[in-house]
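What follows is a short report on a single structure.
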Amino acid sequence: MSHPDPDAATAPTGLPLPAEWRASGVLDVRALDLDWADVGLPPATLIAYDVEAFGVSAFARHGIDMPGSIERSVKKRQAEFFMGRLAAGYAPHTLSAPPVGAALAAKGASDPPTRMKQIPIGPSRQPVWPAGTVGSITHAGRYAAAVATSAANITGIGIDIECRIGPETRQSVEDTVLNPAEKALLHALSGDLPYEMLLTIAFSAKESFFKGSFATVGTYFNFDAVDIKALDIPGGTLQIVLNRSLAAGLPEGKALTLRTQCIDADTVLTSFVW
Ligand SMILES: CC(C)(COP(=O)(O)OP(=O)(O)OC[C@H]1O[C@@H](n2cnc3c(N)ncnc32)[C@H](O)[C@@H]1OP(=O)(O)O)[C@@H](O)C(=O)NCCC(=O)NCCS
Numbered sequence: 099m100s101h102p103d104p105d106a107a108t109a110p111t112g113l114p115l116p117a118e119w120r121a122s123g124v125l126d127v128r129a130l131d132l133d134w135a136d137v138g139l140p141p142a143t144l145i146a147y148d149v150e151a152f153g154v155s156a157f158a159r160h161g162i163d164m165p166g167s168i169e170r171s172v173k174k175r176q177a178e179f180f181m182g183r184l185a186a187g188y189a190p191h192t193l194s195a196p197p198v199g200a201a202l203a204a205k206g207a208s209d210p211p212t213r214m215k216q217i218p219i220g221p222s223r224q225p226v227w228p229a230g231t232v233g234s235i236t237h238a239g240r241y242a243a244a245v246a247t248s249a250a251n252i253t254g255i256g257i258d259i260e261c262r263i264g265p266e267t268r269q270s271v272e273d274t275v276l277n278p279a280e281k282a283l284l285h286a287l288s289g290d291l292p293y294e295m296l297l298t299i300a301f302s303a304k305e306s307f308f309k310g311s312f313a314t315v316g317t318y319f320n321f322d323a324v325d326i327k328a329l330d331i332p333g334g335t336l337q338i339v340l341n342r343s344l345a346a347g348l349p350e351g352k353a354l355t356l357r358t359q360c361i362d363a364d365t366v367l368t369s370f371v372w
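Heads up: the sequence shown begins at 99 in the working numbering, then just goes up one per residue.
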């Protein structure tokens with residue numbers, strides 16, 4: 099388990115970063131074990147990047163489509179969208195194969211076998227994965243991550259990275275995300291990790307659950323749909339229970355497990371697989 103030792107959470111790939119990736123602002127790429135080996139989930143791809151070193155030319159360099167909405171966005175949004183798609187398109191072990199840029203693709207060169215093609219934006223902002231694939235994308239701070247696997251293995255997956263919630267937003271996040279029992283649970287645990295980090299994990303977990311269940315539920319639902327019943331920091335797990343029926347496979351009272359790990363001392367990643 100990875101709390102509270104951030105260095106244990108990620109293992110460097112040991113592979114050299116291709117020059118094209120550095121030119122796009124990528125600082126580091128790692129395989130991140132999300133600890134769902136029991137369902138055969140492959141590691142996520144975690145990218146650390148420098149938004150200042152990013153430019154929109156990265157889209158063409160890597161053969162990633164830039165939707166109109168992203169073209170009109172600020173640089174930070176362009177960078178996070180790009181990095182999420184880049185992470186989704188490559189498993190870290192394929193990095194030794196040079197990325198296929200737009201020019202090469204136009205000449206008909208074939209992509210590396212694990213390269214995901216374009217991942218459009220769905221009507222509810224969700225990534226539209228190729229048929230037979232389920233996956234999830236997240237970004238926060240200087241990180242972006244993605245994971246994808248065959249839909250034959252699991253129903254859904256959601257991952258979410260969050261940076262430590264600061265004192266200026268703590269109250270509003272608490273009020274939006276937690277009920278009184280959940281607040282009491284986190285306060286009782288705050289010897290294990292600072293309260294703000296526990297709050298960050300709780301928030302992230304509910305976002306992961308939302309992302310992982312959205313394709314099944316088909317509509318937005320609020321944070322009170324789910325109760326966090328237990329948080330095991332050393333074990334890296336959260337237990338949640340559904341407060342109401344969200345879909346046929348997600349009835350009221352259903353108990354589910356999520357996982358949590360540190361990316362660094364101020365950044366957490368949670369994951370939900372079912
Ligand atoms: C959609 C949402 C969960 C995204 O979380 P976030 O912390 O803001 O942002 P992240 O960077 O971690 O994730 C963003 C990515 O999530 C993915 N995403 C967005 N909407 C999604 C949806 N409806 N379903 C699945 N994935 C979605 C996208 O890939 C997006 O990145 P992109 O726009 O670059 O493609 C959040 O904005 C939201 O709307 N939350 C309210 C709903 C909710 O969480 N309810 C609580 C249920 S208990």
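Think of the CB as a built atom: it goes at the ideal place given N, C-alpha and C, for glycine as much as any other residue.
If you're wondering where the values come from, they're calculated on a predicted model, not measured in any experiment.
Note to self: Can you determine whether any heavy atom of ligand 1 sits closer than 7 Å to the C-beta of Val245, and answer yes or no?
What the structure shows: no
Check: Tell me, which residues are paired with Gly256 by DSSP?
Finding: Phe370
Next item on the list: May I ask whether a heavy atom of ligand 1 can be found less than 7 Å away from the beta carbon of Val324?
Entry: yes
Item checked: Helix, strand or coil at Pro332 according to DSSP, with G and I counted as helix -> Coil, per DSSP.
Note to self: Quick check: the segment 150-169 against the segment 110-129, are at least 3 beta-carbon pairs closer than 8 Å?
What the structure shows: Yes: at least three Cβ pairs fall under 8 Å.
Item checked: Where Asp60 sits in the DSSP three-state scheme -> For residue 60 there is no data in the structure shown, the boundaries of the chain being 99 and 372.
Checklist line | Start and end residues, beta strand (DSSP E) containing Ser248 | finding: 241-248
Checklist line | Buried versus exposed, by CB contacts within 10 Å (16 or more), Gly289 | finding: exposed
Checklist line | Which of helix, strand or coil DSSP assigns to Ser288 | finding: coil
Margin query: According to DSSP, simplified to helix, strand and coil, what is Thr317?
Written below: Here Thr317 sits in coil by DSSP.
Note to self: On the DSSP bridge list, what partners appear for Thr225?
What the structure shows: Just to set this straight, residue 225 is Pro in the shown sequence, not Thr. The partner list for Pro225 (beta bridge, DSSP) reads Ile219.
Next item on the list: Confirm the yes/no value for this check: CB of Gly182, any heavy atom of ligand 1, distance under 7 Å.
Entry: yes
Margin query: For Phe179, which residues in the same chain have their Cβ closer than 6 Å to its Cβ, ignoring the five residues on either side in sequence?
Written below: Ile168
Margin query: What does the Cβ neighbour count give for Pro211, buried or exposed, with the cut at 16 atoms within 10 Å?
Written below: Model confidence at Pro211 stands at a pLDDT of 41, short of 50, so the residue's coordinates are unreliable and nothing is read from them.
Notebook entry, point to check: What residue does the beta strand (DSSP E) around Val124 start on, and which one ends it?
Noted result: 124-130
Checklist line | Option nearest Lys352 by Cα separation, candidates Ala189, Gln337, Asp364 | finding: For Lys352, the nearest C-alpha among the options comes from Gln337.
Note to self: Could you compute how far the alpha carbon of His53 sits from the alpha carbon of Leu184?
What the structure shows: There is no way to answer for residue 53, as the model of the chain reaches only from 99 to 372.
Notebook entry, point to check: What separation, rounded to the nearest whole angstrom, lies between the Cα atoms of Phe319 and Asp163?
Noted result: 30 Å
Item checked: Of the listed residues Gly220, Cys360, Thr368, Val339, nearest to Glu305 (C-alpha basis) -> Thr368
Item checked: Assigned secondary structure, Arg268 (DSSP; H/G/I helix, E/B strand, else coil) -> helix
Margin query: Between Phe312 and chain C, is the shortest Cβ-Cβ distance under 8 Å, so that the two count as touching?
Written below: Included in the structure is just one protein chain, with no chain C present.
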